[in-house]
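Asker: Residue numbers 1 to 128, in the UniProt record's numbering, belong to the letters of the sequence shown in order.
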Amino acid sequence: MDIKQLNKSELQIMKYLWILEKGFMKDIVAKFPEPRPAYTTISTLLKRMTDKEYIGFERLGRDKQYYPILKKHDYFTKQVNGMIQHFFNDSKAQFASFFTKNADLSMQELEELQALLKQKMDQKKAND
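(1) For residue 140, does the count of other Cβ atoms within 10 angstroms reach 16, so buried, or fall short, so exposed?
(2) Report buried or exposed for Leu-46, applying the criterion of at least 16 other Cβ atoms within 10 angstroms of its Cβ.
(3) With distances taken between CB atoms, is the gap from Ile-55 to Tyr-39 smaller than 8 Å?
(4) For Phe-98, report the span of its alpha helix (DSSP H) as first-last.
(5) Mind the definition here: the stretch 75-85 touches the stretch 98-114 only if three or more C-beta pairs lie below 8 Å; say whether that holds.
(6) Taking the beta carbon of Pro-33 as the centre, do at least 16 other beta carbons fall within 10 Å, making it buried, or is it exposed?
(7) Going straight from the alpha carbon of Met-14 to that of Ala-126, what length do you get?
(8) Considering only the beta carbon of each residue, do Ile-3 and Tyr-16 sit closer than 8 Å?
(9) Count the other CB atoms, across all protein chains shown, that sit within 10 Å of the CB of Pro-68; report buried if there are 16 or more and exposed otherwise.
(10) May I ask which residues mark the beginning and end of the beta strand (DSSP E) holding Asp-63?
(11) For Leu-70, is the classification buried or exposed, using 16 other Cβ atoms within 10 angstroms of its Cβ as the cut-off for buried?
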C-alpha cells in the first residue's frame, strides 16, 4: 500500500478509528468535539478514505461499520522517516539531536530515552 500523507480531516478520522478499532459513522461523528461536522462531510471523507484503501467497512444491514486498514504504526513511521529525509538530510542522528535540544524533556523522560538507547545499542552489539 502506498501511504500518502492524510489531510487534517482524514487524519482526525483515522485517529478516531484507531481508537475505536471498528465504528459506525455515528460513532466516528460522536468523537468529534462540538460543533461536530455534518454527517454528509464525514460520509464524503469515509468514501474517499475507503477508495484510497485506508479504511474498510462491513455492511451490517443498512449501516456500514468502518475499520482501519492503514496501521497507525505504519503511517507514523512513514511520516517521521519522510520528515527526517526532508528536514534532517536523511540523518536520524541530526533528528535525534534536534529533538533532544528543542524538546523540554523532564529528567524522567531523559532517563527513559537513555534506557531505550542503551537497549538498542545492546541489541546492535548482540547482532554484530
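Here a beta-carbon is modelled for each residue, glycine too, at the ideal position from N, C-alpha and C.
Answerer: Concretely, from the data shown:
(1) Since the first residue of the chain shown is 1 and the last is 128, residue 140 is not available in this structure.
(2) buried
(3) no
(4) 92-102
(5) no
(6) exposed
(7) 38 Å
(8) no
(9) buried
(10) 63-68
(11) buried
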